[in-house]
Structure formats: C-alpha cells, structure tokens
Amino acid sequence: MSAVLDHPGDHAHGHAHDHPSGWRRWLYATNHKDIGTMYLWFSFAMLLVGGVNALLLRTELFQPGLQILRPEFFNQLTTMHGLIMVFGAVMPAFVGFANWQVPLMIGASDMAFARLNNFSFWLLPVAASLLIVSYFVPGGATAAGWTLYAPLSVQMGPGMDLAILALHLMGASSIMGSINIITTILNMRAPGMPLMKMPMFCWTWLITAYLLLAVMPVLAGAVTMVLTDRHFGTSFFNAAGGGDPVMYQHIFWFFGHPEVYIMILPAFGIISEVIPTFARKPLFGYSSMVYATASIAILSMIVWAHHMFTTGMPVTGQLFFMYATMLIAVPTGVKIFNWVATMWRGSMTFETPMLFAVGFIFVFAIGGFTGLIMAVAPLDIQIHDTYYIVAHFHYVLVAGSLFALFSGTYYWIPKWTGHMYDERLGKWHFWASMITFNITFFPMHFLGLAGMPRRYADYPMQFADFNAVVTIGAFGFGLSQLIFLWMVIRCIKGGAKASDRVWENAHGLEWTVPSPAPFHTFETPPVVK
Amino acid sequence: MVSATSSGTPYYFVPHPSKWPMVGAIALAFFGFGLASWVNGAPFGPWLFAIFIAILAYMMIGWFGAVARESESGLYGERVDVSFRWSMSWFIFSEVMFFAAFFGALYYARSIATPWLGDLDHRSLLWPDFQATWPNAGPAGVVEPFQTIGPWPIPTLNTALLLTSGVTLTIAHHALKDNRRAPLAFWMLVTILLGFTFLGFQAYEYVHAYSELNLKLSSGIFGSTFFMLTGFHGFHVTVGAIMLSAVLFRILRGHFTPQRHFAFEAAAWYWHFVDVVWLGLYVVVYWL
Ligand code: HEM
Ligand SMILES: [Cu+2]
Chain D
75 MSAVLDHPGD
85 HAHGHAHDHP
95 SGWRRWLYAT
105 NHKDIGTMYL
115 WFSFAMLLVG
125 GVNALLLRTE
135 LFQPGLQILR
145 PEFFNQLTTM
155 HGLIMVFGAV
165 MPAFVGFANW
175 QVPLMIGASD
185 MAFARLNNFS
195 FWLLPVAASL
205 LIVSYFVPGG
215 ATAAGWTLYA
225 PLSVQMGPGM
235 DLAILALHLM
245 GASSIMGSIN
255 IITTILNMRA
265 PGMPLMKMPM
275 FCWTWLITAY
285 LLLAVMPVLA
295 GAVTMVLTDR
305 HFGTSFFNAA
315 GGGDPVMYQH
325 IFWFFGHPEV
335 YIMILPAFGI
345 ISEVIPTFAR
355 KPLFGYSSMV
365 YATASIAILS
375 MIVWAHHMFT
385 TGMPVTGQLF
395 FMYATMLIAV
405 PTGVKIFNWV
415 ATMWRGSMTF
425 ETPMLFAVGF
435 IFVFAIGGFT
445 GLIMAVAPLD
455 IQIHDTYYIV
465 AHFHYVLVAG
475 SLFALFSGTY
485 YWIPKWTGHM
495 YDERLGKWHF
505 WASMITFNIT
515 FFPMHFLGLA
525 GMPRRYADYP
535 MQFADFNAVV
545 TIGAFGFGLS
555 QLIFLWMVIR
565 CIKGGAKASD
575 RVWENAHGLE
585 WTVPSPAPFH
595 TFETPPVVK
Chain W
14 MVSATSSGTP
24 YYFVPHPSKW
34 PMVGAIALAF
44 FGFGLASWVN
54 GAPFGPWLFA
64 IFIAILAYMM
74 IGWFGAVARE
84 SESGLYGERV
94 DVSFRWSMSW
104 FIFSEVMFFA
114 AFFGALYYAR
124 SIATPWLGDL
134 DHRSLLWPDF
144 QATWPNAGPA
154 GVVEPFQTIG
164 PWPIPTLNTA
174 LLLTSGVTLT
184 IAHHALKDNR
194 RAPLAFWMLV
204 TILLGFTFLG
214 FQAYEYVHAY
224 SELNLKLSSG
234 IFGSTFFMLT
244 GFHGFHVTVG
254 AIMLSAVLFR
264 ILRGHFTPQR
274 HFAFEAAAWY
284 WHFVDVVWLG
294 LYVVVYWL
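Sequences listed follow chains D and W, in order. My numbering numbers the first residue of the first sequence as 75 and each following residue consecutively. My numbering numbers the first residue of the second sequence as 14 and each following residue consecutively.
This is how it looks when you write it as structure tokens:
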C-alpha cells in the first residue's frame with residue numbers, strides 16, 4: 075500500500091503550545107509518541123528491576139544450601155520478579171509499541187483519547203511504587219508467587235494488600251489502554267484502509283485488546299475476593315465457611331491463560347512486520363494470519379485448567395482441557411508456517427531486527443513444543459511445578475515476547491530517533507542474548523524432568539551442576555542487556571541519518587513520514603491506495 | 014493544531030496537554046496507599062483515603078467539565094462521536110466481565126464446591142454432619158446460624174423500581190430528541206429519584222439482614238457471595254445515579270441538542286446495564 079501525504083509535520087509552526095517542553099511535556103502529555111516513549115522507558119526500567127531480582131535468586135541458587143538470602147526473602151523475590159516482569163515490563167512495553175506505531179501505521183493523528191492515554195500510563199509508576207514499597211512494610215513483600223494462590227495469599231502481611239491494589243491499578247491501566255487502542259483502530263484508520271488491509275501488528279493488538287477487556291476485570295474480581303477474605307471475613311477461598319481455595323485457581327487462570335497470549339500476540343504482530351521487510355516479500359497468508367490470531371484468542375479462553383491438572387479435577391475435565399489446549403497448537407502452527415513461507419525464496423538479509431525475528435521463531439517454537447508436552451495431562455502431573463514449567467514459560471516469554479520486543483525496537487528505532495542504530499552493537503546484543511538465554515534456560519528442562527521443584531531457595535546435591543551453569547548463563551544474559559541499553563542511548567544521541575523509508579523493502583504508512591517522525595503526523599488523514 | 018474543516022470542527026480533536034490525568038494518578042496513589050494502610054489498621058489510613066476521594070472529585074469535575082466545554086464549543090466532530098460510542102460500549106463490556114467473576118464464584122460455590130464438601134470422602138473423614146444444601150453455613154461450624162432474604166417484598170419492589178426507571182429514562186430521551194426541555198428535566202429527575210429510592214431500600218435491607226437475620230458478610234460463602242454481588246451492584250447504581258445527575262446538571266445549563274447528546278446516551282446505556290445486572294441478581298441470588 076502506498077500513501078500520498080500533504081506536507082507532513084509542518085503544521086506545528088507558530089503553535090508553541092503544541093510543542094510542550096520541560097516537565098509538562100511528559101507529565102501532562104497528550105501526544106501518542108511521547109506517551110509511547112514513556113511506556114517504553116518505564117518498561118525497560120522495570121525489566122532491569124525485575125532482572126536484578128532474578129539475578130539475586132540465581133546467586134542464591136548457584137550452589138546448594140543457603141548462601142545469601144533467607145528463604146522468606148527468596149520467596150518474596152520470586153513473586154516480585156514474576157509480577158514486575160509480567161505487569162511492569164512485558165505488558166507496558168507492548169502498549170508502548172502500540173502507542174508509537176498504531177497511529178502511524180493506520181494514518182491517525184493520535185490515539186482516540188489522548189488524555190486517557192496519559193492517565194493509563196501514569197497509573198503504572200503509581201502501581202510500581204506500591205509494589206516496591208511493599209518490600210519495606212512489616213513482613214515484606216508478598217511471597218505467594220505471581221499467581222497469588224489462596225490460601226497463602228489470604229494469610230500474608232500488608233505487602234500482599236499493596237500487591238493487590240497495585241494489580242488493581244495496573245488492571246485499570248490496561249483496560250483504559252485497551253479501550254483506547256480498540257477505538258483508535260476501529261474508528262481512526264485512514265480512508266481506504268479496510269480492516270483486512272490493516273498491518274498485522276494492528277490486527278494482533280486489536281485482538282489482544284479484546285482479550286484484555288475480557289480478562290483483566292476477572293483478575294480484579296479474583297484479587298478483590300482475596301482482599302475481602304483477608305480483611306472482611308468473607309469465605310470465598312475458605313473451605314471451613316463453604317468456599318474453596320481451588321476456586322481461586324479457576325478464576326485466576328481464567329485470567330491467567332489469556333494473559334499469556336496477551337503477552338505473545340503483539341509479539342506475533344511485530345514478527346509479522348519484520349519478516350516480510352527483510353525477506354523482501356509480502357507476508358504469506360495474510361488472512362489466515364488474522365484468523366489464526368483470532369482463533370488463538372478465542373481458544374485461549376477455554377483452556378485455563380491445564381494449569382490445574384494436579385488439583386483433583388474430574389477426568390472428563392482433564393480430557394477437555396487437555397484436548398482444547400492441544401488444539402491451540404494448530405493456529406500457532408499456521409503462524410509459524412506462514413513466517414517460514416514468507417522467507418521461502420525471499421531475498422533475505424540479516425540485520426538485527428531480522429536476526430531477532432528468526433531467532434524468535436526457533437526458540438519460541440521450542441517453548442511451544444514444551445507447552446504441548448505439558449498439555450498432556452498424565453505427563454503434566456509429573457512435571458507440574460518443576461523447573462520444566464519454568465523453562466517452558468521463559469522460552470515463550472523471554473525468547474518469545476522479549477525477543478520480539480527487541481526485534482521491533484531495532485526495526486522502528488530509526489523512525490523514532492531519526493538515526494540508524496549501530497549494527498555491530500545490535501549483532502553483539504543478539505548473539506550474546508541468544509547464547510546466554512539458552513545457557514540459562516535449556517538446562518532447566520533437565521532439572522525439571524529430574525524432579526527439581528520450582529520456587530525453592532535450596533535443592534539437593536544432584537542438581538548442583540546444572541544450577542551452576544544456569545546461574546552463569548543468567549548473569550551473562552543480564553549483562554547482555556546492557557549492550558541494548560548502550561545501543562539505545564547511542565542511537566538517541568546520534569548516528570547515521572535514517573532515511574524516511576529506513577529499510578529497502580519496508581511497506582506501510584509509518585515509512586512515509588520523515589525520520590524522526592515529527593511531533594504531529596497525519597493531522598489530515600493520508601489517502602491509502 | 015488540527016487542520017480544520019470548513020465548519021471549524023477539526024477532523025479529529027486532539028486535546029492540548031492536560032493536568033487532569035496526572036491529578037487522577039496522584040489520587041489513585043492515595044487510594045492504593047490509603048486503602049492498604051486502612052485495612053491493616055493504620056490510623057492515617059482513612060485520612061489518606063479521604064484525600065483520595067477529594068482529589069478524585071476534583072479531577073472528575075475538572076476533567077469532565079473540560080470535556081463538556083469542548084463538546085459545547087463544537088470541537089467534537091462526527092469521528093469523535095463514534096469514538097465515544099465505541100469506548101463506552103467496550104467499557105460496559107469490561108464491567109460485565111467484572112460481574113461475571115462474582116457470578117462465576119456463586120455458580121462454582123453452589124454447584125461444585127458445596128457438593129464436594131458434602132461428598133463421601135469429606136463426610137467420612139472430616140464433617141459427618143454437613144448437609145450439602147444451598148444456602149449453607151460451611152461444614153466446619155465456624156459460621157453463626159443466619160436466615161436469608163427471599164425475593165419478596167423488597168427485591169421485587171426494587172426490580173419494579175429499576176425497570177420503571179428504565180422507562181422514565183427512555184421517556185426523557187424522547188423528550189430530548191423532540192427538544193422538549195421541561196419534560197426532559199422532569200423525567201430525568203424522576204429517574205434519578207427512583208435510583209436513589211432503590212438504594213434506600215437496599216440499605217434498609219442490609220440493616221435488616223445484619224440486625225435481625227444475622228446475615229453478614231462473614232456468614233460463610235452465602236454471605237460472601239450475597240453481599241459482594243448485591244454490594245457491587247449497589248455501588249454501580251450509585252455511580253450510574255451520579256452520572257445521570259451530572260447529565261441533569263448539564264441539561265439544566267442548556268447543554269445538548271436533539272441531534273448531539275452522547276453524554277446522555279452513555280449514562281443511559283450504563284443505567285440499562287446496571288438494570289440488566291440487577292435482573293440477573295434477582296433471579297440467581299434471591300430466587301433460586
Ligand atoms: C502452544 C502453546 C502453549 C501451550 C500448549 C502451553 C501449555 C502450558 C501448560 C499446560 C502450562 C501449565 C504447566 C504446569 O503448570 O503444570 C503452561 C504454563 C505456562 N505457560 Fe504455556 N503454553 C503455550 C504457550 C505459552 C505462551 C505463548 C506463553 C506466554 C507468552 C506461555 C506462558 C506460560 C506461563 C507463564 C506458564 C506458567 C504459569 C505458572 O504456573 O506460573 N505459554 N503452559
Ligand atoms: Cu496456560
């Protein structure tokens with residue numbers, strides 16, 4: 075698709091109020107690009123905070139026995155690592171991408187609700203401060219695991235209440251953000267862009283936003299019940315009063331499984347933008363891609379109990395959830411097939427975005443396969459709550475979501491900053507991440523199969539060797555991310571001037587505006603032909 | 014800032030930098046820290062929470078006031094109107110899902126947890142005397158005996174009140190579309206009064222439950238689901254009534270035209286949503 079633009083970016087002349095400066099520019103922001111930037115920096119900061127938590131955990135686990143952490147504190151770190159990474163790093167990062175890219179890709183002047191957009195963002199630092207303060211209250215932060223299972227979560231100290239309220243705020247932020255994204259995509263596409271010609275990234279975000287709307291309120295309900303069980307005498311999760319702790323798991327996973335797709339669908343969208351550019355071929359099977367995304371989202375709402383095979387479910391329930399889960403592999407397979415078919419006989423080059431995209435396909439597929447193995451109920455009963463699960467979800471979340479985020483950053487950062495990033499740093503970052511990621515997480519499969527349970531501060535001697543390897547890998551992975559930070563800073567400060575199109579074969583409206591994208595774009599909608 | 018069409022309405026209105034989102038975020042910081050310290054018994058908890066309410070009220074008045082001014086000065090074109098419609102619909106959808114969590118908990122407790130607690134294993138090993146019926150006070154004897162509230166008379170009256178308020182609201186809408194302002198204001202007022210009467214009955218019912226039936230939030234799973242479902246519904250009625258009152262306030266100031274009055278419609282959609290949730294409650298909580 076191509077676009078005709080009338081003098082993009084030149085409207086702002088003489089309108090000083092349109093170029094707010096100083097602190098007001100950020101605190102009072104109503105510009106999707108500024109708000110997107112804030113989302114991205116916030117999520118990167120959270121990635122570092124969550125990463126430090128993880129490295130503390132790995133230091134403790136370097137050797138058997140207790141070295142540096144009390145077990146109670148270890149459990150707090152595990153919990154907070156999960157909460158911060160899921161709700162603070164990965165989810166906001168994708169919202170940051172949506173903020174920057176969706177209006178640029180559909181030819182809209184901004185997000186549909188610019189002030190609401192800023193409200194969504196600023197709730198996140200508030201929620202993060204609730205979480206961080208919770209380390210310092212009596213009893214410390216919550217240690218119930220990121221899933222906050224009752225009855226443990228009903229018993230803990232004030233740190234748990236702070237976590238619950240933080241989740242409420244982050245949930246409200248996600249709901250408002252989703253409404254904004256849905257409205258923008260449905261109502262503000264440039265004339266001449268029907269839904270079925272919309273860039274795949276926008277499609278995946280549209281579907282993700284619906285998932286968020288459907289399940290974030292359910293999480294809010296679940297943690298509200300925990301709060302009232304804790305302080306107001308209700309018995310939702312208390313069998314003595316007629317409730318049931320397993321009910322918590324049902325409600326939580328009704329949110330929790332769609333949540334994992336919330337964190338991967340926009341990643342699929344980024345990969346579907348990057349691969350066609352560097353394969354110099356249009357995306358293979360566009361409409362099957364759309365339908366696959368939608369089917370994944372719908373199926374994801376009916377598979378939640380595959381997290382609960384060990385709770386004593388009736389066998390019919392186990393069978394239903396097992397087969398439903400395996401079914402998701404079909405649309406996921408369609409996607410992987412389409413990406414590979416896009417590359418097939420393409421004229422490929424491997425700049426950093428493409429490296430991360432191809433790397434994504436490899437490692438994400440491993441995570442998908444381990445998912446299938448765990449979907450088999452009799453197998454899962456053996457490996458549930460072992461390091462095998464930890465391996466699985468880091469393959470899909472780190473090598474999946476995070477690698478896609480990296481891919482997207484390298485892909486669009488020239489548009490954001492106006493400078494090319496340093497390709498050499500990018501390649502270093504990719505190879506260092508890829509190698510250390512696998513050193514960290516591959517041995518976890520063996521540990522899990524050998525029976526090492528997750529979420530413990532100590533382990534028997536026979537697991538020592540692999541754990542030492544894992545810890546070394548983890549530090550390597552952590553350090554590799556500093557290359558990324560360095561690359562970003564250098565790219566903001568300077569570098570080769572990026573052209574408007576940036577990549578030889580890049581298609582889409584975002585490549586028709588100058589690099590860096592001016593403060594205001596598409597104030598009159600472009601005409602898409 | 015935004016290129017204007019001939020009528021002066023921009024193609025799509027993008028607001029200038031605004032302090033209100035920041036004010037709202039600060040309010041919610043007081044909410045989080047205030048509620049967390051309150052439920053843990055810190056003396057300053059209620060104060061922090063009161064500050065939250067105050068800042069929130071300030072933000073709502075300021076923010077919605079700004080929106081109303083922009084709307085009245087014709088900055089919102091066709092597109093913005095469509096945006097408002099999409100966003101309100103999907104917001105209501107998210108509210109439906111919030112209630113779904115609590116309805117789901119009620120279903121689970123009645124149809125899965127209760128039979129489980131009364132099955133053979135639990136009977137022979139733990140609680141030989143537990144009768145797996147609904148309502149129940151839990152198997153372990155930790156809940157004091159209580160009586161429940163049937164559909165008659167108050168819940169049925171409340172159903173009638175809410176359904177009537179839906180009708181009066183529709184009458185008001187027709188008056189607005191025909192540009193008959195006096196009946197419009199009158200029927201809005203009636204709707205709001207019906208809403209508050211509902212809330213009054215609900216409050217009476219709660220007092221009755223606590224003081225005479227010994228039915229409390231802590232009355233086992235029955236009390237939990239009963240009060241949380243009806244309580245959250247009552248809270249939503251309150252929010253809806255506040256929305257309608259704000260709309261009435263704008264009507265009295267001469268806002269809205271027969272063609273353009275989305276704030277009215279949004280409040281009305283919300284009110285009907287609250288109505289439908291009540292019908293669900295009436296059947297599932299009081300009747301069955
Ligand atoms: C083919 C697709 C997938 C299948 C069949 C699958 C299956 C499963 C199963 C059965 C479990 C439960 C294991 C247990 O606790 O015993 C699980 C856990 C998990 N999965 Fe997946 N999964 C898939 C994709 C994904 C994706 C795309 C993500 C995220 C991006 C993800 C994130 C997670 C997480 C975070 C957990 C662990 C939750 C916890 O217990 O803390 N999965 N998966
Ligand atoms: Cu799952």
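Every residue, glycine too, gets a C-beta built ideally from N, C-alpha and C.
H274(W) carries a coil assignment under DSSP once its states are collapsed to helix, strand and coil. Residue burial is scored here from C-beta neighbours: G163(W) has fewer than 16 other C-beta atoms within 10 angstroms and is therefore classed as exposed.
Scanning its chain for C-beta atoms nearer than 7 Å, with the 5 sequence neighbours on each side dropped, one finds around M561(D) the residues Y495, D496, L499, G500, H503, in chain order. If you compare the alpha carbons of G343(D), F148(D), T133(D) with that of L479(D), the shortest gap goes to G343(D). Around G420(D), the same chain offers A353, R354, K355 as residues with beta carbons nearer than 7 Å, after the five sequence neighbours per side are excluded. Put simply, the CB of S31(W) is near chain D, with a gap under 8 Å to one of its CB atoms. Around the beta carbon of R263(W), a 10 Å sphere encloses 16 or more other beta carbons of the protein chains shown; the residue is thus reported as buried. Under the 8 Å criterion on CB atoms, A150(W) is classed as interfacial with respect to chain D. At a cut-off of 7 Å, the beta-carbon of Y365(D) does not count as near ligand 1: no heavy atom of the ligand is closer than that.
Chain-ordered, the chain W residues with CB closer than 8 Å to the CB of T302(D) read L230, S237, M241.
Pairing T251(W) with L212(W) gives a Cβ-Cβ distance under 8 Å. Chain W places a beta carbon closer than 8 Å to that of L197(D), counting this residue as a contact. Against R92(W), the close residues of chain D are N261, M262, in the order they occur along the chain (beta-carbon pairs closer than 8 Å).
The C-alpha of S224(W) is placed about 20 Å away from the C-alpha of S309(D).
Comparing C-alpha distances from V298(W) to each of S258(W), Y283(W), G236(W) shows the shortest one belongs to G236(W). Contact check between the stretch 327 to 334 of chain D and the stretch 271 to 291 of chain D: three or more CB pairs, one atom from each, fall below 8 Å, which counts as touching. At a beta-carbon threshold of 8 Å, none of the residues of chain D lie near F77(W); the nearest stands roughly 11 Å away. For W99(W), the closest Cβ of chain D is nearer than 8 Å. Listed in chain order, the non-local C-beta contacts of A217(D) below 6 Å within the same chain comprise N149, Q150, T153, local neighbours out to five positions each way being set aside. Distance from the CA of L260(D) to the CA of F275(W), rounded to the nearest whole angstrom, comes to 18 Å.
With a cut-off of 7 Å, the C-beta of V160(D) is classified as distant from ligand 2, since no heavy atom of the ligand falls inside that distance.
In this structure, F111(W) keeps its C-beta atom at 8 Å or more from the C-beta atom of A572(D).
The beta carbon of F168(D) sits closer than 7 Å to the beta carbons of P340 from its chain, once the five residues preceding and following it are set aside; these are given in chain order. A398(D) and Q392(D) have their C-alpha atoms roughly 10 Å apart.
In this structure, T221(D) has its CB closer than 7 Å to one or more heavy atoms of ligand 1.
Its Cα nearest to that of S247(D), the residue F193(D) stands out among I463(D), D532(D), F193(D).
In this structure, G124(D) places its C-beta atom within 8 Å of the C-beta atom of A163(D). With its beta carbon at least 8 Å from every one in chain D, S224(W) lies outside the interface. The alpha-carbon of R98(D) is positioned some 22 Å away from that of F43(W). Contact annotation for I256(D) against chain W: W99, S100, W103 [CB-CB distance below 9 Å, chain order]. Exclusion of the five residues before and after P199(D) leaves F116 as the residues of its chain whose Cβ lies within less than 8 Å of its Cβ.
In this structure, H468(D) has its CB at a distance of at least 7 Å from all heavy atoms of ligand 2.
The shortest CA-to-CA distance from L301(D) to any of G317(D), I238(D), P350(D) is the one to I238(D). The CB of L48(W) comes closer than 7 Å to the CB of L239 in chain D, given here in chain order. Not one heavy atom of ligand 1 falls within 7 Å of the beta-carbon of A465(D).
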